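Peer 1: Have a look at this one before I ask anything.
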Ligand SMILES: Nc1ncnc2c1ncn2[C@@H]1O[C@H](COP(=O)(O)OP(=O)(O)OP(=O)(O)O)[C@@H](O)[C@H]1O
Ligand SMILES: [Mg+2]
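Protein chains in written order, with the numbering used here: chain A, 9 to 409; chain B, 332 to 649.
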């Protein structure tokens, strides 16, 4: 059943709503599916998928569902069968039912009827297949539509083949951050600014309102525009983090350029946090961890970036840092981490390693101290949500539980 | 109620057979002839002489126009997001209204502004009749689009620049295509729903409620073939050999990891124009990048790739 595609998309983590699905049905009813050379593949994507980071998820789901139907016509058949007898799923939640406005459905039904009627007339007149052929040359540039590839190779490939090419893999939100995505990702931290601090007087609005009411003073308050966020960023460098050095460096410089924090401090550590943090890792220069800790209070937000991957003794043993020659005290790494977890208002640990290996011993231990997120766009979004105090969204597409 | 909603009618379709036995088909009066899906869809847009459109984008535009839903366009800088709206307006012969969103933009600015200062001024210094508030209402692009008698194209450019509430604040107006002017108590409803094209550069995430209402398309960066055609739109008589070499260089440059700001279509067009004007022979593109400043706008990017003194490329990582 065609409707199964809807559930399949949802099962694959795309949050397609019923209203969106109905727009697709409407578009099909209005004959968009065979719009010139366009395919059902692209039409459904335009109406159901609203983020490019979900394109790849969609591609995979599409290929899975329609796989084997190499011929566009076979997909048409499925759709057609369903349109003949368009049962809506009974697995609707109350919320979805509420979303369905009576008007939408009735319009839809009317349109379908209308289309079937004109269709039959056309059918009788023997002039179907209009629109698939003789379209105008592409873009008036003198190129025939058949000549345009959607992805790179020649035309005429099936939607399933196109989907199978996974053209949008690098736009996924659940992959380790691409260099250029970092800037955008970090801007998400701006969200931290929301809901913080007392309201401020909005002078423009106040003057405006007061003028309108003929000079009667009307105070207008608004949430603060200025970002009050104080961000402490601690990054693991070297050792097992080497493969991620590039990502981390970019994350770091992007954060550094971000001028929208009230305060921004950053230090490096090596492997785990011991009694010293570094501003310059190559020269092992930097303040004592204690000093940094003392300056952190509930007005701060802490983000740690690291793979949480180390020998168990490096984390648990007293003076675990001695092995590295970087610690003189007897405080264990985990003890330092716990102290850091306690001080700020909120904290998050970003891990560049994929979630599936997070049950490694030291990672598990650290996850008990810090909420951990993947260093991906989705992960960073979730981390920001968490830092803002919102509830965690566990259902982000692509997140491997 | 609506017969498609099986369960609402108290019916359950417990197996495929009962689903097919026509209980639902009653709502649709006949079987659909084969080939039904192969008829002409409502098509209005197919690019213009100055704007090339790939099929997926073209279809997204057409379905958005036909279903009267806002079209949200994302894509790297220079992929023709803004130009798309102009091309759509041109090809459907509708006037274009542009709303350039700024970080300080508020949703209401697009509808109208009530010029209280002018009114106070008039009250004090002029002998104009200030009782008619309407003369102090200045409509914004959205307001004007909704007031128009004919169908128009409204471009809301770079919506992600504004603050996070902005898109949500627009939902009502975009759904209903109407707004009221509090000061005068008037309600304005569009006679013809405008074609709304919204662009975003991904500075911020857009709210889900907003996204649900849009048709969405992400313009992928053009591949070499399409790019050749785009360049030819702007430089119809460019030599094949030069064009090919330029594209090789251009895509190579875009792949370099050290580059912070990748050059885009418009930079490529400018670069090729400059090379041609200066009459630079194709061969010089081998190990050099003349006028590299037109492609790389950041000094650090230039330094990363080109020896500034000699103009030679530093390292060619293919
Ligand atoms: N499909 C195309 N056909 C013809 N010219 C194009 C096309 N795409 C881009 N261009 C050229 O690239 C230039 C930049 O396009 P435009 O300003 O629309 O990009 P944009 O996506 O809005 O970029 P930004 O994100 O920087 O605003 C255009 O002026 C045009 O010359
Ligand atoms: Mg633009």
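Virtual Cβ for every residue (Gly too), placed ideally from N, Cα, C. Please read all numbers here as calculations on a predicted model, not as lab measurements.
1. Is the shortest distance between the beta-carbon of residue 219 of chain A and the beta-carbons of chain B less than 7 Å?
2. State the DSSP-derived secondary structure class of residue 280 of chain A, mapped to helix, strand or coil.
3. Since residue 394 of chain A is in the beta strand (DSSP E), which residue starts that stretch and which ends it?
4. Let me check you understand the geometry: is the CB of residue 628 of chain B closer than 6 Å to at least one non-hydrogen atom of ligand 1?
5. Do residue 401 of chain B and residue 527 of chain B have their C-beta atoms within less than 7 Å of each other?
6. Quick one: using the 10 Å Cβ neighbour count with 16 as the cut-off for buried, is residue 284 of chain A buried or exposed?
7. For residue 388 of chain A and residue 379 of chain A, what's the separation of their Cα atoms in angstroms?
8. For residue 493 of chain B versus residue 531 of chain B, is the C-beta spacing smaller than 7 Å?
9. Please return the same chain residues whose Cβ sits closer than 7 Å to the Cβ of residue 625 of chain B, not counting the five positions on each side in sequence.
10. Could you check the C-alpha separation between residue 25 of chain A and residue 49 of chain A for me, to the nearest Å?
11. Kindly say whether residue 129 of chain A, judged by its beta-carbon, lies nearer than 7 Å to any beta-carbon of chain B.
12. Quick one: any contact between the segment 512–529 of chain B and the segment 450–469 of chain B, if contact means 3 or more CB pairs under 8 Å?
13. What is the rounded straight-line gap between the Cα of residue 392 of chain A and the Cα of residue 316 of chain A?
14. Identify, in the order they occur along the chain, each residue of the same chain with its Cβ nearer than 6 Å to the Cβ of residue 501 of chain B, setting aside the five sequence neighbours on each side.
15. Excluding five sequence neighbours on each side, which residues of the same chain lie with their C-beta closer than 7 Å to the C-beta of residue 629 of chain B?
16. Is the shortest distance between the beta-carbon of residue 607 of chain B and the beta-carbons of chain A less than 7 Å?
17. Quick one: is the Cβ of residue 412 of chain B within less than 6 Å of any heavy atom of ligand 2?
18. Could you name the residues of chain B that residue 27 of chain A contacts, counting a contact when the two beta carbons are closer than 8 Å?
19. Residue 354 of chain A to residue 622 of chain B, Cα distance in whole Å?
20. Taking all protein chains shown into account, do 16 or more other C-beta atoms lie within 10 angstroms of the C-beta of residue 12 of chain A, making it buried, or fewer, making it exposed?
21. Around the Cβ of residue 481 of chain B, are there at least 16 other Cβ atoms within 10 angstroms (buried) or fewer (exposed)?
22. Below 7 Å on C-beta distance, what does residue 282 of chain A contact in chain B?
23. Give me the Cα-Cα distance between residue 497 of chain B and residue 490 of chain B, rounded to the nearest whole angstrom.
24. Taking C-beta pairs closer than 7 Å, name the residues in chain A that residue 546 of chain B reaches, listed in chain order.
25. Any idea what DSSP makes of residue 484 of chain B, helix, strand or coil?
26. Candidates A:30, A:386, A:238, A:68: which alpha carbon is nearest residue 17 of chain A's?
27. Exposed or buried, residue 58 of chain A, counting other C-beta atoms within 10 Å across all chains shown (16 or more means buried)?
28. In this structure, does DSSP put residue 475 of chain B in helix, strand or coil?
29. Spell out whether any CB of chain A is found under 7 Å from the CB atom of residue 420 of chain B.
30. Looking at ligand 1, does it come within less than 6 Å of residue 564 of chain B, judged from the CB to the closest heavy atom?
31. Between residue 408 of chain B and ligand 1, is the CB less than 6 Å from at least one heavy atom?
32. Assuming residue 633 of chain B is part of the beta strand (DSSP E), what are its boundary residues?
33. Expressed to the nearest angstrom, what Euclidean distance is found between the alpha-carbon atoms of residue 389 of chain B and residue 567 of chain B?
34. Under three-state DSSP, which class holds residue 161 of chain A?
35. Three or more C-beta pairs closer than 8 Å, one from the segment 502–509 of chain B and one from the segment 533–546 of chain B: is that the case here?
36. Going by DSSP, what residue range makes up the beta strand (DSSP E) through residue 406 of chain B?
Peer 2: Reading from the atomic positions:
1. Residue numbering aside, residue 219 of chain A sits at position 211 when the first chain is read from its first letter. Yes, contact with chain B.
2. Position 272 of the first chain, counted from the start, is the residue given in the question as residue 280 of chain A. In the structure shown, residue 280 of chain A sits in a strand (DSSP, three-state: E or B).
3. Position 386 of the first chain, counting from 1, holds the residue named residue 394 of chain A. Run containing residue 394 of chain A: none in the beta strand (DSSP E); it sits in the alpha helix (DSSP H), 385–395.
4. The sequence position of residue 628 of chain B within the second chain is 297, counting from 1. No, since every heavy atom of ligand 1 falls outside the 6 Å radius drawn around the Cβ of residue 628 of chain B.
5. Taking the first residue of the second chain as position 1, residue 401 of chain B is located at position 70. Taking the first residue of the second chain as position 1, residue 527 of chain B is located at position 196. Contact flag set, yes.
6. Taking the first chain and counting its residues from 1, the one referred to as residue 284 of chain A is at position 276. Buried: at least 16 other Cβ atoms inside 10 Å.
7. By one-based count along the first chain, residue 388 of chain A stands at place 380. By one-based count along the first chain, residue 379 of chain A stands at place 371. Straight-line Cα distance between these residues: approximately 12 Å.
8. One-based indexing of the second chain puts residue 493 of chain B at position 162. One-based indexing of the second chain puts residue 531 of chain B at position 200. No; because the gap between Cβ atoms is not below 7 Å, this pair is not in contact.
9. As a working note, residue 625 of chain B is residue 294 in the second chain. So the list reads 598, 601, 602, 605, once near-sequence residues are dropped.
10. Residue mapping note: residue 25 of chain A aligns to position 17 of the first chain, counting from 1. Residue mapping note: residue 49 of chain A aligns to position 41 of the first chain, counting from 1. Cα to Cα, residue 25 of chain A sits roughly 18 Å from residue 49 of chain A.
11. The residue given as residue 129 of chain A occupies position 121 in the first chain. Because residue 129 of chain A sits at a pLDDT of 47, beneath the cut-off of 50, its placement in the model cannot be relied upon, and the following sentence gives the value as read from the coordinates. False, the Cβ-Cβ gap to chain B never drops below 7 Å.
12. Taking a cut-off of 8 Å on C-beta distances, the segment 512–529 of chain B touches the segment 450–469 of chain B, as three or more cross pairs fall below it.
13. Within the first chain, residue 392 of chain A is the residue found at index 384, counting from 1. Within the first chain, residue 316 of chain A is the residue found at index 308, counting from 1. Near 20 Å, if we compare the C-alpha coordinates of residue 316 of chain A and residue 392 of chain A.
14. On the second chain, position 170 is the one that residue 501 of chain B refers to. These residues qualify, in order along the chain: 438.
15. As a working note, residue 629 of chain B is residue 298 in the second chain. Answer for residue 629 of chain B: 591, 592, listed in chain order.
16. Position 276 of the second chain, counting from 1, holds the residue named residue 607 of chain B. No, no contact with chain A.
17. As a first step, residue 412 of chain B is located in the second chain; it is residue number 81 there, counting from the start. Result yes, Cβ under 6 Å from ligand 2.
18. In the first chain, the residue the question calls residue 27 of chain A occupies position 19. Those are 543, listed as they occur along chain B.
19. Walking along the first chain from the start, residue 354 of chain A turns up at place 346. Walking along the second chain from the start, residue 622 of chain B turns up at place 291. Going by the C-alpha atoms only, they are around 49 Å apart.
20. For the purposes of this step, residue 12 of chain A is identified with residue 4 of the first chain, where counting begins at 1. Exposed, since its Cβ has fewer than 16 Cβ neighbours within 10 Å.
21. Stepping through the second chain from its first residue, residue 481 of chain B is reached at position 150. Result: exposed.
22. Taking the first residue of the first chain as 1, we reach residue 282 of chain A at position 274. Within 7 Å Cβ-Cβ: nothing; residue 282 of chain A doesn't reach chain B, min ~33 Å.
23. By 1-based counting over the second chain, the position of residue 497 of chain B is 166. By 1-based counting over the second chain, the position of residue 490 of chain B is 159. Rounded to the nearest angstrom, the two C-alpha atoms are 8 Å apart.
24. Stepping through the second chain from its first residue, residue 546 of chain B is reached at position 215. Under the 7 Å cutoff, chain A gives 54, 55.
25. Along the second chain, read from residue 1 onward, the residue named residue 484 of chain B stands at position 153. Looking at residue 484 of chain B - three-state DSSP - the assignment turns out to be strand.
26. Residue mapping note: residue 17 of chain A aligns to position 9 of the first chain, counting from 1. Among A:30, A:386, A:238, A:68, the Cα nearest to that of residue 17 of chain A is on A:68.
27. Counting from one through the first chain, the residue named residue 58 of chain A turns up at place 50. Buried.
28. If you number the second chain from 1, residue 475 of chain B lands on position 144. Three-state DSSP puts residue 475 of chain B in a helix.
29. As a first step, residue 420 of chain B must be located in the second chain, where it is residue number 89. No, its Cβ sits nowhere closer than 7 Å to a Cβ of chain A.
30. Position 233 of the second chain, counted from the start, is the residue given in the question as residue 564 of chain B. Under cutoff, so the answer is yes.
31. Residue 408 of chain B sits at position 77 when you count from the first residue of the second chain. Result yes, Cβ under 6 Å from ligand 1.
32. Taking the first residue of the second chain as position 1, residue 633 of chain B is located at position 302. First-last for residue 633 of chain B: 630–636, but that is the alpha helix (DSSP H), not the beta strand (DSSP E).
33. Here residue 389 of chain B is taken as the residue at index 58 of the second chain, counted from 1. Here residue 567 of chain B is taken as the residue at index 236 of the second chain, counted from 1. Rounded to whole angstroms, residue 389 of chain B to residue 567 of chain B spans 23 Å at the Cα level.
34. Counting from one through the first chain, the residue named residue 161 of chain A turns up at place 153. Confidence in residue 161 of chain A is poor, its pLDDT being 29 and thus under 50, which makes the residue's placement unreliable; the coordinate value appears in the next sentence. Correct three-state label for residue 161 of chain A: coil.
35. With the rule of 3 Cβ pairs closer than 8 Å, the segment 502–509 of chain B counts as touching the segment 533–546 of chain B.
36. Residue numbering aside, residue 406 of chain B sits at position 75 when the second chain is read from its first letter. Taken as a continuous stretch (DSSP letters only), the beta strand (DSSP E) holding residue 406 of chain B covers 402–406.
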